[in-house]
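Undergrad: Each position in the sequence shown, counted from 1, maps to that position plus 10 in my numbering.
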Amino acid sequence: MCAMKLTLITVGKTDFKWVREGMDIYIQRLSHYTRFAVAEIPELKNVSALSHDEIKTKEGELILKNTKPGDYVVLLDERGREYSSLEWSRELEKLLSSLSSDIVFVIGGAYGFSKEVYSRANAKISLSRMTFSHQMVRAIFVEQLYRAFTIMKGEPYHHE
Numbered sequence: 011m012c013a014m015k016l017t018l019i020t021v022g023k024t025d026f027k028w029v030r031e032g033m034d035i036y037i038q039r040l041s042h043y044t045r046f047a048v049a050e051i052p053e054l055k056n057v058s059a060l061s062h063d064e065i066k067t068k069e070g071e072l073i074l075k076n077t078k079p080g081d082y083v084v085l086l087d088e089r090g091r092e093y094s095s096l097e098w099s100r101e102l103e104k105l106l107s108s109l110s111s112d113i114v115f116v117i118g119g120a121y122g123f124s125k126e127v128y129s130r131a132n133a134k135i136s137l138s139r140m141t142f143s144h145q146m147v148r149a150i151f152v153e154q155l156y157r158a159f160t161i162m163k164g165e166p167y168h169h170e
């Protein structure tokens, strides 16, 4: 089992039962490979009078409160680097072998990340050039994390 902890920070709770159920399947499977946790930051209340930048700033403050100074922070961002599943597995394996810190993956809110969160990030990855709902990204990413570990271990989950 991997010694470091992997955490997924999300803004808001998922309100789709099927997303939660999908996440739970892969979170359970990930427990065979690594310590993994999801930290759900509550959605902001009464934001109708706030600009998109003000929302991003307030969400960013909450995101940053959920990271430690030594964490390696990876943003799931549309402008991030895209990987195939095999490439992602190799990249994750490289991170796991070279870092002594925990890895924190972050899915931002509807308007993206604040400048402060971008400044704190060590890396950005994109799951696709397509846009997915913030709800769906959770399940897709957790499945891809699980897939990466099975590829690393040479297990038969992934087919090329």
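All C-beta atoms in this analysis are idealised placements derived from N, C-alpha and C, irrespective of residue type, glycine included.
#1: In chain order, what residues of the same chain have a beta carbon less than 7 Å from the beta carbon of residue 162, not counting five sequence neighbours either side?
#2: With respect to the alpha helix (DSSP H) encompassing residue 57, which residues constitute its N-terminal and C-terminal limits?
#3: Relative to the alpha-carbon of residue 44, which residue among 170, 89, 160 has its alpha-carbon at the smallest distance?
#4: Assign residue 96 to one of two classes, buried (16 or more other C-beta atoms within 10 Å of its C-beta) or exposed (fewer than that).
#5: Is DSSP giving residue 78 helix, strand or coil here?
#6: When the Cα atoms are used, what is the spatial distance from residue 57 to residue 118?
#7: Which residue spans inside the stretch 105 to 142 form an unbroken beta strand (DSSP E) run of at least 3?
#8: Between the stretch 26 to 37 and the stretch 63 to 81, do at least 3 Cβ pairs fall closer than 8 Å?
#9: Between which two residues does the beta strand (DSSP E) containing residue 24 stretch?
#10: Here's the rule: buried if 16 or more other CB atoms are within 10 angstroms of the residue's CB, otherwise exposed. What is residue 158?
#11: Measuring straight from C-alpha to C-alpha, what distance separates residue 111 and residue 47?
TA: By the coordinates alone:
#1: Within the sequence shown, residue 162 is the residue found at index 152, counting from 1. Cβ neighbours of residue 162 beyond the five flanking positions: 99, 103.
#2: The residue labelled residue 57 in the question sits at position 47 within the sequence shown. Per DSSP, residue 57 belongs to no alpha helix (DSSP H) and is neither H nor E.
#3: Within the sequence shown, the letter at position 34 stands for residue 44. Here the closest residue by C-alpha is 160.
#4: As a working note, residue 96 is residue 86 in the sequence shown. Residue 96 is exposed by the Cβ-count criterion.
#5: The residue you call residue 78 lines up with position 68 of the sequence shown. Note: residue 78 maps to coil in three-state DSSP.
#6: If you number the sequence shown from 1, residue 57 lands on position 47. If you number the sequence shown from 1, residue 118 lands on position 108. If you take the alpha carbons of residue 57 and residue 118, they lie about 16 Å apart.
#7: 113 to 117, 133 to 136
#8: no
#9: Position 14 of the sequence shown, counted from the start, is the residue given in the question as residue 24. Neither: residue 24 is in no beta strand (DSSP E) and is coded neither H nor E.
#10: To locate residue 158, count along the sequence shown from 1; it is residue 148. Per the 10 Å Cβ criterion, buried.
#11: Position 101 of the sequence shown, counted from the first residue, corresponds to residue 111. Position 37 of the sequence shown, counted from the first residue, corresponds to residue 47. Using only the alpha carbons, I get a separation of about 15 Å.
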